[in-house]
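For reference, the structure is listed below as structure tokens.
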Amino acid sequence: MMGVVRRYIDEEMQAEEVLNNGFLRAFQKIGQYTFQGSFEGWLRKIVFHAVSDFVKQNIRYKEKIMLVEKDQLIHKDHAEGLYYNQLLSLVQSLPDATRAVFNLYIMEGFSHKEIGKMLGISEGTSKWHLSEGRRMLKDKIEKLELHLKK
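Per the UniProt record's numbering, the sequence shown starts with residue 1, numbered consecutively.
Okay, structure coming up:
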């Protein structure tokens, strides 16, 4: 479960606190578990809601941001040579709001409408953060590749 939390929260102590809050919520709601579906999936959903609440409370980006229409995708060629830990580190280096939207959309598969509701932002702002995250990652990957080739 810590892996789910660390995708969104890079500070270890904060991540542990959020994970503990998620476990506490699960313990408090254990009577609601119906034994249909996996326990892990049920627990993951509760922990994810704890993460979502933390992100909402701690990320300040309510101002309106102009929507960027076109996304710049990271080319597959650039990402192939990177290890998982390197990619995770690059994602964690994104600004908090951008990282949250990127993870929710790319890693968790939520729509921009769902992300907007979870984080209290507009759909357009969610799209902007995703586009900005992709652009920033593309730049970071290209810089990393140039550094590794030297």
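Cβ coordinates follow ideal geometry from the N, Cα and C atoms, glycine included.
Taking residue i as the reference, give the member of the options with the closest Cα.
| i | options | result |
| --- | --- | --- |
| A97 | N20, F39, S131 | S131 |
| F54 | W128, E11, S38 | E11 |
For residue i, verify whether its CB is less than 6 Å away from any heavy atom of the ligand MG.
| i | result |
| --- | --- |
| R99 | Absence of the ligand MG from the depicted structure is noted, as is the absence of any ligand whatsoever, leaving it without description. |
Quick one: what's got a C-beta closer than 7 Å to residue i's C-beta in the same chain, skipping five residues either side?
| i | result |
| --- | --- |
| S126 | V101, H112, I115, G116 |
| R25 | I46, A50 |
| V18 | V5, I9, A50, V51, F54 |
Excluding five sequence neighbours on each side, which residues of the same chain lie with their C-beta closer than 8 Å to the C-beta of residue i?
| i | result |
| --- | --- |
| R44 | M1, V4 |
Tell me whether residue i is buried or exposed, calling it buried when 16 or more other Cβ atoms sit within 10 Å of its Cβ.
| i | result |
| --- | --- |
| N58 | exposed |
| M136 | buried |
| F110 | buried |
| F48 | buried |
| Y33 | exposed |
Who are the near neighbours of residue i in its chain, counting only those whose CB is closer than 6 Å to its CB and skipping five residues on each side?
| i | result |
| --- | --- |
| M118 | S52 |
| Q103 | This sequence places Asn at residue 103; Gln is not what is there. R7, Y8. |
| G133 | L94, T98, F102 |
Quick one: measure Cβ to Cβ for residue i and residue j, integer angstroms, because I've assumed they're closer than 8 Å.
| i | j | result |
| --- | --- | --- |
| K140 | S93 | 7 Å |
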